[in-house]
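K.L.:
The structure is given below, and queries will be raised subsequently.
There are 4 protein chains.
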Amino acid sequence: MMKDYIFKLTEKVRDYECDLQGVVNNANYQHYMEHTRHEFLGSLGDSFGRMHDKGIDAFVSRVEIQYKSPLHSGDTYISCLNVRKDGVKLVFEQDVYRASDHVLAVRGKIDSVIVENGKLTRGEYFDELLKQLAKT
Amino acid sequence: MMKDYIFKLTEKVRDYECDLQGVVNNANYQHYMEHTRHEFLGSLGDSFGRMHDKGIDAFVSRVEIQYKSPLHSGDTYISCLNVRKDGVKLVFEQDVYRASDHVLAVRGKIDSVIVENGKLTRGEYFDELLKQLAKT
Amino acid sequence: MMKDYIFKLTEKVRDYECDLQGVVNNANYQHYMEHTRHEFLGSLGDSFGRMHDKGIDAFVSRVEIQYKSPLHSGDTYISCLNVRKDGVKLVFEQDVYRASDHVLAVRGKIDSVIVENGKLTRGEYFDELLKQLAKT
Amino acid sequence: MMKDYIFKLTEKVRDYECDLQGVVNNANYQHYMEHTRHEFLGSLGDSFGRMHDKGIDAFVSRVEIQYKSPLHSGDTYISCLNVRKDGVKLVFEQDVYRASDHVLAVRGKIDSVIVENGKLTRGEYFDELLKQLAKT
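Here the protein sequences line up with chains R, X, H and E, keeping their order. So the first sequence is numbered by the working numbering: it starts at 1157 and just counts up by one. So the second sequence is numbered by the working numbering: it starts at 1157 and just counts up by one. So the third sequence is numbered by the working numbering: it starts at 1157 and just counts up by one. So the fourth sequence is numbered by the working numbering: it starts at 1157 and just counts up by one.
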């Protein structure tokens, strides 16, 4: 049931991420997805912290998340990512699956832009990253 | 510039909500909006915790957030809410403004459904809430 | 039952701060106390963010928290603070009470040091702050 | 420099755990330690969620944390744990090291008690757990 993805990360739900309904709090999936994007960036040899030090910041401009099936305390999940350029934006398609049975927990679409020294760029930084990706 | 809203909450950014970019981390706006919905519920005389104890849980089914202008350490914000029924869903339109100049920080659209004793309902619970709202 | 404090902040528990036990997660009290210290700093005319921009960072060196009575969803709390100098350290005594009945929720003792441009200072920055406090 | 521990967990800092000082926010180390305790519990065949469902809740009664050297964005850490009984309490000694050079980041001492159906127990539940541990 899982599609093909260019990057995957397997993690375990931490109990403090669950709220009083006993499931992972909605906002925490955004944390999962952010961490996955940053690990993806790391896999390409760059880092969010180092980018920031160089005056380059990636900002999320839009997030769309569909909540399909909640993750619970004790669950392991696979956080998956695809990415494509769309104008100046980098669009991440991010799906999170429960590891035990590959049931889709959340489906996300995250639009991101690059700001360099405070100014919106045309995403040249992303172009370089994606070129690198094409080579692998 | 601020539209009319049926519920508003004024809060201050907490420094631990800011990440290494020096702005409020994206996921935290979802926390702001969740807290606003729960306070709105409280203003109608109900509570998330009490609902849960009665076997009624409101689950977010979809979230769409546009990030317009980041909030910073020290900022005060106004978290605003409108709500309407759309089929079985309750749709919350939630905008967060910087208090000092009413600049829009984020614009959210949050779809919510009611699960009663583990089964999806047709949203009767919301109908009652909205009736109450119409009276005020 | 509440002692005298030089600074108090009244806030409401946010549901996402509660974990699956239905009470505020332990780590979140540290967030409450941090926010209280920063608001206290703000009341003296300074800010954590501005300090950081000047190359001055306050770091917590030690935390001791006694958990007395858990806060629940829906509770309002009063986060209180006293402060004294102890060698190079600034020692914050921070108690958090449930607002409804002034029952003590947590009692904290937080030691803090000042690092200026990466070097530990003798706390001169704190001396200035406390002088200002003595005037008020 | 690392002592012997009965349980260790290796994890990576997530960027959203860092605050505007660019280091892991103090409260998050408590999250790291909580997650480590729960994973330790899991390694003994039990779980926090399952305990809660049986009416048994472990509550932290006291926390003491010394902050030695901050973890940064990109760091991997080893979260280590020892445990002993002290009266009705279970005392966890929890040290977190930066993985790259085994520098101690934080040192924690966490006291925990067991509440069964709302009443403080003498810690019999812990005795059973520790017996199991002695066998391994």
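Ideal Cβ placement from N, Cα and C applies to all residues, glycine included. Note that this is a predicted model, so its numbers are computed, not measured.
Near K1168(R), which residues of its chain fall below 7 Å by C-beta distance, leaving aside the five closest residues on each side in sequence?
P.N.:
Excluding sequence neighbours, K1168(R) sits near T1232.
K.L.:
Pairs of beta-carbons, one from the stretch 1171 to 1191 of chain H and one from the stretch 1213 to 1230 of chain H, closer than 8 Å: are there three or more?
P.N.:
The answer is yes - the stretch 1213 to 1230 of chain H touches the stretch 1171 to 1191 of chain H, with three or more Cβ pairs under 8 Å.
K.L.:
CB-CB under 6 Å to S1235(R), same chain, minus the five flanking residues each way: which ones, in chain order?
P.N.:
Within the same chain, S1235(R) has close Cβ partners L1165, Y1188, T1192, V1252.
K.L.:
By the criterion of Cβ-Cβ separation under 8 Å, what are the contact partners of D1175(H) in chain R?
P.N.:
Those are D1171, Y1172, C1174, D1175, L1176, listed as they occur along chain R.
K.L.:
Examine chain H for any beta-carbon lying closer than 7 Å to the beta-carbon of N1273(R), and answer yes or no.
P.N.:
Not an interface residue.
K.L.:
Taking C-beta pairs closer than 8 Å, name the residues in chain E that A1183(X) reaches, listed in chain order.
P.N.:
Chain E residues near A1183(X): Y1172.
K.L.:
Along the alpha helix (DSSP H) that carries A1183(R), what are the first and last residues, could you check?
P.N.:
Here the alpha helix (DSSP H) through A1183(R) covers 1182 to 1199.
K.L.:
Report the three-state DSSP secondary structure of Q1177(H) (helix, strand or coil).
P.N.:
Residue state, collapsed to three classes: coil.
K.L.:
Terminal residues of the continuous beta strand (DSSP E) containing A1214(X)?
P.N.:
Counting along the chain, the beta strand (DSSP E) containing A1214(X) begins and ends at 1212 to 1223.
K.L.:
For the structure I just gave you, are there three or more beta carbon pairs, one from the stretch 1271 to 1289 of chain X and one from the stretch 1197 to 1214 of chain X, closer than 8 Å?
P.N.:
Yes: at least three Cβ pairs fall under 8 Å.
K.L.:
Mind listing the chain E neighbours of F1215(H)? Cutoff is C-beta to C-beta under 9 Å, in chain order.
P.N.:
The contacting residues are Q1177, V1179, N1182, Y1223, P1226.
K.L.:
Is the separation between the beta-carbon of D1175(E) and that of H1194(R) shorter than 7 Å?
P.N.:
The answer is no: Cβ separation not under 7 Å.
K.L.:
Please name the residue or residues paired with N1273(R) in a DSSP beta bridge.
P.N.:
DSSP, once it has assigned bridges, lists no residue as partnering N1273(R).
K.L.:
When you compare each of E1249(H), G1230(H), H1208(H), D1242(H) to D1160(H) by their alpha carbons, which one comes out closest?
P.N.:
Among E1249(H), G1230(H), H1208(H), D1242(H), the Cα nearest to that of D1160(H) is on E1249(H).
K.L.:
Might you give, ordered along the chain, the residues of its own chain that have their beta carbon closer than 6 Å to the beta carbon of M1207(R), omitting 5 neighbours on each side?
P.N.:
Closer than 6 Å at Cβ, skipping near neighbours: no residue.
K.L.:
With a cut-off of 7 Å, does the C-beta of R1254(H) fall near any C-beta of chain E?
P.N.:
It does not: the Cβ of R1254(H) has no partner Cβ on chain E nearer than 7 Å.
K.L.:
Excluding the 5 residues preceding and the 5 following K1245(E) in the sequence, name in chain order all residues of the same chain whose CB lies nearer than 8 Å to its CB.
P.N.:
Closer than 8 Å at the Cβ level, and outside the excluded window around K1245(E), lie S1217, D1267, S1268, V1269, G1279.
K.L.:
Quick one: grab the DSSP three-state call for H1228(E).
P.N.:
Of the three classes helix, strand and coil, the one that applies to H1228(E) here is strand, per DSSP.
K.L.:
Compare the C-beta of R1298(E) with all C-beta atoms of chain H and state if any pair is closer than 7 Å.
P.N.:
For chain E, the structure presents residues 1157 to 1292; residue 1298(E) sits outside this window and is missing.
K.L.:
Would you call the CB atoms of E1173(H) and V1180(H) closer than 7 Å?
P.N.:
Yes, they are a contact pair.
K.L.:
Less than 7 Å between the beta carbons of S1225(X) and A1261(X), yes or no?
P.N.:
Against a cut-off of 7 Å, the Cβ pair of A1261(X) and S1225(X) comes out as a contact.
K.L.:
Taking 7 Å as the threshold (C-beta atoms), are L1237(E) and F1282(E) in contact?
P.N.:
Not a contact, by the Cβ cut-off of 7 Å.
K.L.:
Among R1240(R), D1202(R), K1241(R), which one has its Cα closest to the Cα of S1229(E)?
P.N.:
Minimum Cα distance to S1229(E) is reached at D1202(R).
K.L.:
Check whether the Cβ of V1259(R) lies closer than 7 Å to any Cβ atom in chain X.
P.N.:
Output row for V1259(R): interface = no.
K.L.:
DSSP on A1261(H), reduced to helix/strand/coil?
P.N.:
A1261(H): strand per DSSP, three-state reduction.
K.L.:
Applying the 10 Å Cβ sphere with the 16-neighbour rule, what's the burial state of G1264(E)?
P.N.:
That one is buried.
K.L.:
In angstroms, rounded to a whole number, what distance separates the CA positions of K1241(E) and L1286(H)?
P.N.:
Looking at the two C-alpha atoms, the distance is approximately 42 Å.
K.L.:
Please classify Q1288(X) as buried or exposed, where buried requires at least 16 other C-beta atoms within 10 Å of its C-beta.
P.N.:
Looking at its Cβ environment, which holds fewer than 16 other Cβ atoms inside 10 Å, Q1288(X) is exposed.
K.L.:
For D1202(H), which of helix, strand or coil comes out of DSSP?
P.N.:
Note: D1202(H) maps to coil in three-state DSSP.
K.L.:
State yes or no: is the beta carbon of G1264(R) nearer than 7 Å to at least one beta carbon in chain E?
P.N.:
Taking Cβ atoms only, chain E never reaches closer than 7 Å to G1264(R), which makes this a no.
K.L.:
Of all Cβ atoms in chain A, is any one closer than 7 Å to the Cβ of K1291(H)?
P.N.:
Of the chains in the structure shown, none is chain A; the protein chains are R, X, H and E.
K.L.:
Which chain R residues are close to H1187(X), counting only those with a beta carbon under 7 Å from its beta carbon?
P.N.:
In chain order: A1183.
K.L.:
At a cut-off of 6 Å, is V1169(X) close to the ligand NAD when judged by its beta-carbon and the heavy atoms of the ligand?
P.N.:
Among the components of this structure there are no ligands whatsoever, and the ligand NAD is therefore not found.
K.L.:
If I follow the unbroken beta strand (DSSP E) through K1287(H), where does it start and stop?
P.N.:
Here K1287(H) belongs to no beta strand (DSSP E); instead the alpha helix (DSSP H) covers 1280 to 1291.
K.L.:
Take L1227(X) as the anchor and find which of G1178(X), M1158(X), V1247(X), E1284(X) has the nearest alpha-carbon.
P.N.:
Residue G1178(X) is the option with its Cα nearest to L1227(X).
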